[in-house]
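To start, the structure under review is shown below, and the notes come after it.
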Amino acid sequence: MPLLEVRDLSVSFRTENGVVRAVDGLSLSIDEGDVVGIVGESGSGKTVSMMAVMRLIRDPNAVVEGQVLLRGRDLMQVSQNEMRDVRGGEIAMIFQDPMTALTPVYTVGWQIAEQLRAHEKLTRRKARARTVELLSALAVRDGRKWR
Numbered sequence: 076m077p078l079l080e081v082r083d084l085s086v087s088f089r090t091e092n093g094v095v096r097a098v099d100g101l102s103l104s105i106d107e108g109d110v111v112g113i114v115g116e117s118g119s120g121k122t123v124s125m126m127a128v129m130r131l132i133r134d135p136n137a138v139v140e141g142q143v144l145l146r147g148r149d150l151m152q153v154s155q156n157e158m159r160d161v162r163g164g165e166i167a168m169i170f171q172d173p174m175t176a177l178t179p180v181y182t183v184g185w186q187i188a189e190q191l192r193a194h195e196k197l198t199r200r201k202a203r204a205r206t207v208e209l210l211s212a213l214a215v216r217d218g219r220k221w222r
């Protein structure tokens with residue numbers, strides 16, 4: 076079973092000029108351990124596709140169709156509360172705009188620890204320790220400095 080399988084994903088938006096089909100029939104399958112890059116021209120639907128996979132499109136004029144299976148579970152059928160647990164805990168997205176990914180106001184370590192606390196329900200101390208482990212695993216010379 077694939078880790079993530081997208082079947083016939085379509086996203087369209089109702090506009091005053093008619094319906095705009097941003098994504099039309101995207102299908103893909105990603106196995107555990109795969110590394111995948113999604114490339115294309117500006118405006119080709121990369122971000123809209125992945126936002127649909129993550130169930131982040133909330134525009135009332137949007138129509139999202141298809142299946143998104145994470146370990147066989149159809150994410151299009153789960154509640155928004157369940158999706159909050161899935162996002163960040165099982166799947167995540169790093170947006171193109173670097174200003175929305177990390178903020179220079181807080182250290183990288185603090186931002187990682189906050190996500191660990193939110194999604195893995197860790198104490199501050201355990202989140203800090205896990206952050207150091209993660210940064211060290213990424214060959215950050217001294218992960219303790221990033222707290």
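If you want my numbering, it's the 1-based position in the sequence shown plus 75.
Positions of the beta carbon are idealized from the N, C-alpha and C atoms, including for glycine.
Cβ shell of residue i (< 6 angstroms), same chain only, five flanking positions each side left out
i, result
"tryptophan 124", "It should be pointed out that residue 124 corresponds to serine in this sequence rather than to tryptophan. Taken in chain order, the residues that qualify are Val98, Leu101."
"alanine 202", "Ala188, Leu191, Arg192"
"leucine 197", "Leu191"
"arginine 205", "Leu191"
Short Cβ contact (7 angstroms threshold) for residue i with residue j
i, j, result
"serine 104", "proline 77", "yes"
"leucine 84", "glycine 141", "yes"
Element boundaries [alpha helix (DSSP H), containing residue i]
i, result
"arginine 200", "199-212"
"glutamate 189", "183-195"
Option in the options with minimal Cα separation from residue i
i, options, result
"valine 215", "Arg162, Leu150, Gly184, Gly108", "Gly184"
"valine 128", "Glu91, Val86, Val94", "Val86"
"methionine 37", "Leu213, Gln142, Ile113", "There is simply no residue 37 to check, as the chain begins at 76 and stops at 222 in what is shown."
"alanine 137", "Glu80, Thr206, Gly93, Arg159", "Gly93"
"arginine 146", "Ile166, Arg130, Val95", "Ile166"
"valine 81", "Gln186, Glu208, Met151", "Met151"
"leucine 79", "Glu107, Phe88, Val161, Arg130", "Glu107"
Continuous beta strand (DSSP E) stretch holding residue i: start and end
i, result
"isoleucine 105", "93-105"
"valine 81", "79-90"
Chain-order list of residues whose beta-carbon lies under 8 angstroms from that of residue i (same chain, five-residue window excluded)
i, result
"isoleucine 132", "Val86, Val123, Met126, Val139"
"aspartate 149", "Gln142, Val143"
"lysine 121", "Ile113, Val114, Gly115"
"glutamine 186", "Leu177, Thr178"
Contacting residues, own chain, Cβ-Cβ under 7 angstroms from residue i (five flanking each side not counted)
i, result
"arginine 200", "none"
### Task
Could you pull out every unbroken alpha helix (DSSP H) segment of at least 4 residues lying fully inside the stretch 124-162, listed in chain order?
For the stretch 124-162, whole alpha helix (DSSP H) runs of length 4 or above, ordered along the chain, are 155-161.
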